[in-house]
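Each residue of the sequence shown is one higher than the one before, starting from 1 at the first, in the UniProt record's numbering.
Beneath this line is the structure, given in structure tokens, with notes to follow.
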Amino acid sequence: MTSISIDGPNFGLQVGHNSGNISAVFHTPPDREKTPPSPSSTVPFDRDPDFVDRPEILKQIHESISKPGARIGLSGLGGVGKSQLAIETSYRHRLQNPDIWIFWVYAGSVSRFEQSFEEIATRAGIRRQRDPEANIYELVEAWLNGEKSGKWVLVLDNVDDDRFLRERPAPDPKRQNRPNKPLLNYIPKTSRGSILVTGRNEGAVVKIVGRRNLIQIKHLPESEALELLNKKLILPQDQTETSNLECSKRLVKELEFLPLAIAQAAAFITYFSPRYSVSQYLEKFLNNDRGAIMLLEHELHEKDSLNRDWEAENSIGMTWQISFDHIARVRPSAADLLSLMCFFDRNEIPECVLFLPPKSTSEEKGLQSDSKKRSHSEMEDLEQEFVADVAILRDFAFVTIVHSRSFTMHRLVQLITQAWLKKQLGKFDFYYTQFINNLRREFPRRFRTPEDLAKGRVLSPSIFQIHSFAVDRRRSSAFGSPKITSGEYHLLSMAVFYEKQAREKAILDFLNDEMVLHTQRLCDRMAEVTPHLASDSREMLLHNMQSLTTENKVDITRRFSELAISEERLDGVENMLHRLDESGQNLTLDFTKELATGLEKLKEISSVSDVNPAIDQTRRILRACEEIDNKFAQLFGFRTLP
């Protein structure tokens, strides 16, 4: 028997003719150690040359991820710039730490999450040649945990729906390499790596990083918003933007200082230049809600200029509507609440009007429905449901809780919610009708108490929005639907009546305050006058002033007018006293009696019929002052009255 041994990678044993058993032991050659790849970055975006620096936030992020094993979260309204901050952070961190890995994992879906892990494995040189079906998640997890990885930062971007990250995947017989535990568990907690999470859903981000490690990203300051607008506007050299600074300020304010909305507006103006300028865009945006919604939903032609993921929407309108769809799937009652809230005045939405009819019965549901028909436990359940609905809307930054019973919203959120409802058959009309019904139920019929006036103050701004809805309805109707329904008219008339009552009360309160102020000023001036008077005149004057300031205020408007006249007279008297002090003389007893008589007459005003006599008496006092002033002029050669 002849045998030949074959070495090398194609090792084996060749045997000639043989009638017996053959046994052989082969030892596979050891894997050759390859030089590990140098640390690099898998961030799929170029650095944005138009990025507007946000130094305080970037410093906070950098300091946080520099700590071993840190987990940091960025949450905020869609389009507020969370991913852009993460991109800029990754580039700055790599420049300062070239020996560190930066991994970008898109967490919007299972497939994209797996693709990101495949990219990590490829870039880090994680080998699986012997078993192509090996679990990529386990391989990457082991490498991240091992010493070979060195230091790394992993960006988990777009964590809006964390359920697929936390749930155990269903078994799949066709895939041996399917993950066998929740995907989030494959990102290890180790001192060698830090994790930066971004997401619109604050609750989902908090579950990963913890409340203390959350950074809430708000809108840009005005100066930074203007800088972004100017950077993103790209106009031909022969077509310079001529709008003034105030116009640009107004535009970024109307866009709620949101980076994506500002970049979207700049791209629109650039693309349609010279047809559109900043001022023309602003005019179209403010002209009516339909025009504003059209601009907010406009898809940009140059998506790469925004440094956004290819699956992400590149308009603020579509970005938010995706979040609305998500909320409607995971918690329909929260979507119902958002749909109702979008019609109210955004500055103050009280809880008392946020109730909806249930889908299957005629009885209303919500915290403000008829509590007499419900048990205590039912009311507690309703309150818990309402709190949970508000929580998810707050987590997505669509509403802000002012205090426990009142909320605010961004105007853009309201507009885009209304546009979202119009795309669903009958939804807009359903929630608008409920908005009208809730206002009719809660708006006071009369304003007899401070509570009624307070409630009217809160609700009347929402009622006055009815007119704009009616105008928009008429514009969008081919047949010109009625401008206003009977229910809308009823509400508007009640709100107008409230405004009349409130304004009258405000005027009276103002006059009352002014009367008190003028009376006090009179008293102060009289205190300066009295030292110059004889004792009997002083007592008479102080008695009359005390009576005037302590009696009940019968007619505020009338007293205010008379006191104003008296104050004008005292201006001259005060000046006269100053001159008399310089000359060393005293006022005559006759003049002080005239002054006291006038004050007494003013004190006695108690009805409308007394107004004219009081005015006549005051005029007589003024004439007496003029006569004294004439005598004063004869003695000293100059006058004191104005």
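Don't be surprised by glycine CBs; every beta carbon is placed ideally from N, CA and C.
- Assignment of residue 257 by DSSP, reduced to helix, strand and coil, places it in the coil class.
- Shown here, residue 344 sits in coil according to DSSP, grouped into three states, outside any helix or strand.
- Ranked by Cα distance from residue 219, the options 380, 253, 154, 347 are led by 253.
- Counting only the Cα atoms, residue 185 lies some 15 Å from residue 205.
- Annotation: the continuous alpha helix (DSSP H) that includes residue 286 extends over 278 to 287.
- With fewer than 16 other CB atoms across the displayed protein chains lying within 10 angstroms of its CB, residue 35 is exposed.
- The C-beta distance from residue 39 to residue 99 rounds to 6 Å, short enough to fall under 8 Å.
- For residue 71, the closest alpha carbon among the candidates 85, 211, 57, 84 is that of 211.
- Under DSSP, residue 350 takes part in a beta bridge, and its partners are 406.
- In the structure shown, residue 459 falls within a helical segment according to DSSP collapsed to helix, strand and coil.
- A direct Cα-Cα distance of roughly 11 Å separates residue 106 from residue 119.
- In this structure, DSSP gives residue 83 a helical state, which the three-state scheme calls helix.
- Put simply, the backbone Cα of residue 492 is about 37 Å away from that of residue 264.
- Cβ-Cβ separation between residue 84 and residue 48: approximately 6 Å, consistent with a contact (criterion under 8 Å).
- The residues 436, 484, 488, 491, 492, in chain order, have a CB closer than 8 Å to that of residue 466 in the same chain once the five nearest residues on each side in sequence are set aside.
- DSSP places residue 157 inside the beta strand (DSSP E), whose first and last residues are 152 to 157.
- Non-local beta-carbon contacts of residue 328 in its own chain, meaning distances under 7 Å to residues more than five positions away in sequence, involve 335 in chain order.
- With contacts defined by Cβ atoms closer than 8 Å, residue 281 and residue 293 do not form a contacting pair.
- DSSP lists 152 as the bridge partner or partners of residue 193.
- Collapsing the DSSP output to three states places residue 105 in a strand.
- Rounded to the nearest angstrom, the gap between the Cα atoms of residue 290 and residue 284 is 10 Å.
- Per DSSP, residue 75 lies in no alpha helix (DSSP H); the unbroken beta strand (DSSP E) holding it starts and ends at 71 to 75.
- Contact check for residue 342 against residue 418 passes: the beta carbons are separated by less than 8 Å.
- Burial is judged here by how many other beta carbons sit within 10 angstroms of a residue's own beta carbon; residue 259 has at least 16 and is buried.
- Between residue 407 and residue 349 the beta-carbon gap is near 5 Å, inside 8 Å, which marks them as a contact.
- Its Cα nearest to that of residue 101, the residue 194 stands out among 319, 337, 194.
- Residue state for residue 78 is assigned as coil, using DSSP reduced to three classes.
- When 231, 274, 317, 201 are compared, the shortest CA-CA separation from residue 255 is found for 317.
- Contact check for residue 398 against residue 338 passes: the beta carbons are separated by less than 8 Å.
- Counting C-beta atoms within 10 angstroms of its own C-beta, residue 383 has fewer than 16 neighbours from the protein chains shown and is therefore classed as exposed.
- In the three-state reduction of the DSSP assignment, residue 64 falls in the helix class.
- Our two residues, residue 160 and residue 77, have alpha carbons roughly 11 Å apart in a direct line.
- Beta-bridge pairing by DSSP links residue 433 to no other residue.
- If you draw a straight line from the Cα of residue 91 to the Cα of residue 494, it is about 59 Å long.
- Between residue 191 and residue 73 a beta carbon distance of about 19 Å is seen, past the 8 Å cut, so the two are scored as non-contacting.
- Around the beta-carbon of residue 248, 16 or more other beta-carbon atoms lie within 10 Å, marking it buried.
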